[in-house]
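Chains as they are written, first to last, in the numbering used here: chain E, 1 to 221; chain H, 222 to 442. We treat Cβ as the ideally placed atom computed from N, Cα and C, and that holds for glycine. Every value quoted in this text rests on a predicted model; they were computed, and no experiment measured them. Worksheet for the structure shown next.
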DNA sequence: CCGCGTCATTCAGGTTAATGTCAGGTCGAT
DNA sequence: ATCGACCTGACATTAACCTGAATGACGCGG
């Protein structure tokens, strides 16, 4: 399942993201509404987790305009305990459920799992990039129709590219995908994994941008 | 599709029954848990609609014991809006979805239809994967024509794979199939059951993806 | 209430493959 | 030509995984 997490608090965001990943779902995490709007237009999600207090605007308005534009993706609101009126307003605005902060991660899992069960059987969106077919939900990749197996780290890295195709990703951004907490890394691990990905997926899939980082090539040439 | 409706309120029960009948499904309507238990043992349903407030007991306990006995029929809980904790507990106990009373009959139809679609997906209830023939309704498996007996736990696990063939299932997803949500597991139970399934069904049926989980192999080697 | 069998769970020891590191090479910019 | 950045084959380490066997829980018939 594809989940969009909209949450500006870094600590909470990381925890939620990791938990949902452990449950086997693909997570995009954005920290502001402006990014959320771009993501929603670019991708189709199965679930949106929406914090209401955000730096650049009100979550309600985002939710309302989402619904107004015909998007019926399930939305679970993340809100603080005392804001009762928020919860009511949220449900009225078209949310499917809400979670009261601070919430238990297993409770989060339960709700997300319930949505996932509801969507079971629906076809997953396949991302096609050149000769690759990527199913982010099922963690499957085909290269020229042949299934390709990636290891955990390889997948973690590659998923980052697929979620932002064509975007330049810096080394530190990639490190954050491999290791939980900005763990310092002194060796050339990134390079090694890029190398392994290229070996499995094809030489031209990932382009290196000298002194800057890497990006996913989005078209066949 | 066969639906079991467990609801003691007469008016609501009639309305729901009629609606689902109109949608073309066969409905059994019982008004207490004691009757429900008999029905569940006598018949195999595709869906159970479960009210939580019943005269002769708690809906949760019914649901839990149902799951424990290896029955994985989809369950939709009918509950009142203000009983938030009920909903959480219901999902944790193994419900697939919930409907908040008072609910719109068309919403009921939609949810029931979603479950129906899942089961109609394969007009033939027999799923064939490699040398295996799996009857999801009857809980029966044949390997090379030979019947194979699975225990309740083994089936619970294997069913998860069959419902999403080829999909990578994480450990926590598999644990959720074996136990109620949140039940922390410290030992290698999953591995043991995978091992047993492989022994009974064939070595190559389930492949392990290290550090990530397992997946059902969908083609014959 | 007691034995019996079945199933669930844990443990221990062996096996395997993912992972991070390094070394030596290639490539590109200046 | 030089230097730094990047690539990649090889390898030791070790967590992850597998599985036979021991232990515990549960239900059933007598």
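Secondary structure of residue i, DSSP reduced to three states
i: residue 185 (chain E); result: coil
i: residue 58 (chain E); result: strand
i: residue 224 (chain H); result: strand
i: residue 9 (chain E); result: coil
i: residue 221 (chain E); result: Caution is warranted here: a pLDDT of 48 is assigned to residue 221 (chain E), below 50, making its placement in the model unreliable, and no coordinate value can be reported.
i: residue 122 (chain E); result: coil
i: residue 215 (chain E); result: strand
i: residue 18 (chain E); result: helix
i: residue 205 (chain E); result: coil
i: residue 23 (chain E); result: coil
i: residue 180 (chain E); result: coil
i: residue 90 (chain E); result: helix
i: residue 385 (chain H); result: coil
Residue-level contact to chain H via CB, residue i, 8 angstroms cutoff
i: residue 151 (chain E); result: yes
i: residue 24 (chain E); result: yes
i: residue 14 (chain E); result: no
i: residue 114 (chain E); result: yes
i: residue 118 (chain E); result: yes
i: residue 196 (chain E); result: no
i: residue 140 (chain E); result: yes
CA-to-CA distance, residue j to residue i, given in whole angstroms
i: residue 32 (chain E); j: residue 5 (chain E); result: 10 angstroms
i: residue 400 (chain H); j: residue 318 (chain H); result: 18 angstroms
i: residue 363 (chain H); j: residue 261 (chain H); result: 25 angstroms
i: residue 165 (chain E); j: residue 90 (chain E); result: 33 angstroms
i: residue 295 (chain H); j: residue 71 (chain E); result: 27 angstroms
i: residue 389 (chain H); j: residue 430 (chain H); result: 8 angstroms
i: residue 48 (chain E); j: residue 367 (chain H); result: 46 angstroms
i: residue 194 (chain E); j: residue 206 (chain E); result: 8 angstroms
i: residue 221 (chain E); j: residue 200 (chain E); result: With a pLDDT of 48 at residue 221 (chain E), under the threshold of 50, the predicted position of this residue should be treated as unreliable, and no value is reported.
i: residue 56 (chain E); j: residue 29 (chain E); result: 16 angstroms
i: residue 372 (chain H); j: residue 437 (chain H); result: 19 angstroms
i: residue 337 (chain H); j: residue 130 (chain E); result: 36 angstroms
i: residue 354 (chain H); j: residue 132 (chain E); result: 31 angstroms
i: residue 149 (chain E); j: residue 140 (chain E); result: 8 angstroms
i: residue 234 (chain H); j: residue 110 (chain E); result: 28 angstroms
i: residue 230 (chain H); j: residue 272 (chain H); result: 9 angstroms
i: residue 15 (chain E); j: residue 102 (chain E); result: 12 angstroms
i: residue 17 (chain E); j: residue 393 (chain H); result: 15 angstroms
Host beta strand (DSSP E) of residue i (start-end)
i: residue 354 (chain H); result: 353–356
i: residue 28 (chain E); result: 26–30
i: residue 114 (chain E); result: Not the beta strand (DSSP E): residue 114 (chain E) falls in the alpha helix (DSSP H), residues 105–119.
i: residue 40 (chain E); result: Taken as a continuous stretch (DSSP letters only), residue 40 (chain E) belongs to no beta strand (DSSP E), being part of the alpha helix (DSSP H) at 33–42.
i: residue 301 (chain H); result: 296–301
i: residue 72 (chain E); result: Taken as a continuous stretch (DSSP letters only), residue 72 (chain E) belongs to no beta strand (DSSP E), as it is neither H nor E.
i: residue 97 (chain E); result: 97–101
Cross-strand partners of residue i (DSSP beta bridge)
i: residue 53 (chain E); result: E:58
i: residue 369 (chain H); result: H:362
i: residue 348 (chain H); result: H:355
i: residue 170 (chain E); result: E:213
i: residue 268 (chain H); result: H:224
Residue-chain proximity (residue i, chain E), Cβ-Cβ < 8 angstroms
i: residue 432 (chain H); result: yes
i: residue 377 (chain H); result: no
i: residue 288 (chain H); result: no
i: residue 331 (chain H); result: no
i: residue 388 (chain H); result: yes
i: residue 384 (chain H); result: yes
i: residue 312 (chain H); result: yes
i: residue 356 (chain H); result: no
i: residue 408 (chain H); result: no
i: residue 293 (chain H); result: no
i: residue 391 (chain H); result: yes
i: residue 317 (chain H); result: yes
i: residue 397 (chain H); result: yes
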